[in-house]
Amino acid sequence: MTFRQLFRFNRIFFFANLAVFVCVIGFFAFGAPFLISSHGTIEASRIILKGERGTPNLVLQGDDEHTLLTLNDSEGNVRLQLQGGVFPAMIMKNEGQEIVGTFFPLKDGGAAVGLGDREGNMATLIRGGHSPMMSFYHQSNQPNLSLGIANELPHLVMVPRGSGEGVLLQGHAPASLLFFDENGEIPVTLSRFGLTQPAEKGEEQVFSTDNQSFILPEN
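My numbering numbers the first residue of the sequence shown as 1 and each following residue consecutively.
Okay, here's the thing in structure tokens:
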């Protein structure tokens, strides 16, 4: 390479660097104020933070309706989501991407916590608000055990899995134990007044515990 060629190359390289420098200065002078406000905040509709391997570890996005913050593991799988907007919620997922935990508000102003199993099925539901309740599920979409207060009435309900019959213990005066069948009917009631069974004509027969009478369910 001759001296003239070397001088021409250096001149081209100099002007190229000068052009890049001018573009960078112009970006920060004219473009940055649209992205960075005077208070030091960054304005963007979507922000992604990636790890060393380029896997998104954190995604923050939002619009006029809601905001969503997603936290991923090292493989890019979603493990935790924080949702804003009209219906804010927190959602946790396991390694199989099944929802194992939720935290969300209720319409009456309270909040609820849902806990699931490895398959994503509901296992425990704890709710506050005007009707606080704790329910447990065992491989069923209906609660097998519920303890709570509804309409100012404390109660405990136990229903076996795969069966429509169960037991209801309610704290209304007088406190009583009710047995209900698959049709939702109550054939037997136990309270401090004794054991009660509806008669065939629609009347009720009350058996005192003193006469040692027992009512057995039909087979």
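Yeah, the Cβ is synthetic: ideal placement off N, Cα and C, and Gly gets one too.
Residues near residue i in its chain [Cβ-Cβ closer than 6 Å; skip 5 each side]
{"i": "Arg46", "result": "Gln61"}
{"i": "Ala111", "result": "Pro105, Gly128"}
{"i": "Thr67", "result": "Gly84"}
{"i": "His155", "result": "Gln170"}
{"i": "Leu49", "result": "Asn57, Leu58"}
{"i": "Leu178", "result": "Leu168, Ile186, Thr189"}
Residue i to residue j span [Cα, whole Å]
{"i": "Ile126", "j": "Pro143", "result": "12 Å"}
{"i": "Gly51", "j": "Asn183", "result": "58 Å"}
{"i": "Lys93", "j": "His138", "result": "19 Å"}
{"i": "Asp63", "j": "Asp108", "result": "26 Å"}
{"i": "Glu119", "j": "Gly101", "result": "12 Å"}
{"i": "Leu153", "j": "Val188", "result": "20 Å"}
{"i": "Gly114", "j": "Phe180", "result": "27 Å"}
{"i": "Phe193", "j": "Leu169", "result": "15 Å"}
{"i": "Leu190", "j": "Val78", "result": "51 Å"}
{"i": "Asn121", "j": "Ile186", "result": "30 Å"}
{"i": "Pro198", "j": "Pro174", "result": "18 Å"}
{"i": "Ser208", "j": "Thr196", "result": "For Ser208, the pLDDT reaches just 38, beneath the cut-off of 50, and the residue's location in the model is therefore unreliable, leaving the point undetermined."}
{"i": "Leu225", "j": "Ser135", "result": "A question about residue 225 goes unanswered here, because the residues of the chain that appear run from 1 up to 219."}
{"i": "Gln97", "j": "Thr41", "result": "33 Å"}
{"i": "His172", "j": "Asn151", "result": "11 Å"}
{"i": "Ser140", "j": "Ser176", "result": "27 Å"}
{"i": "Asp117", "j": "Arg53", "result": "31 Å"}
Host beta strand (DSSP E) of residue i (start-end)
{"i": "Gln61", "result": "56–62"}
{"i": "Ala123", "result": "122–127"}
{"i": "His155", "result": "153–158"}
{"i": "Lys93", "result": "89–93"}
{"i": "Thr41", "result": "Taken as a continuous stretch (DSSP letters only), Thr41 belongs to no beta strand (DSSP E), as it is neither H nor E."}
{"i": "Lys50", "result": "46–50"}
{"i": "Ala111", "result": "111–116"}
{"i": "Ala173", "result": "Segment: none, Ala173 is in no beta strand (DSSP E) and carries neither H nor E."}
Residues bridged to residue i (per DSSP)
{"i": "Arg79", "result": "In DSSP, Arg79 forms no bridge with anything."}
8 Å CB neighbourhood of residue i in its chain, flanking five on each side removed
{"i": "Thr55", "result": "Asn72, Ser74, Glu75, Gly76"}
{"i": "Leu80", "result": "Thr70, Leu71, Met90, Ile91, Met92, Lys93"}
{"i": "Val86", "result": "Glu65, His66"}
Whole-angstrom C-beta distance between residue j and residue i, which should lie under 8 Å
{"i": "Ala123", "j": "Phe103", "result": "Contact doesn't hold; Cβ gap of about 15 Å is too wide."}
{"i": "Gly148", "j": "Ser131", "result": "7 Å"}
{"i": "Met133", "j": "Leu145", "result": "The Cβ separation is near 11 Å, so there is no contact."}
Nonlocal neighbours in the same chain, by C-beta distance under 7 Å from residue i, ignoring five residues either side
{"i": "Arg161", "result": "His138, Gln139, Ser140, Asn144"}
{"i": "Glu165", "result": "Phe180, Asp181, Glu182"}
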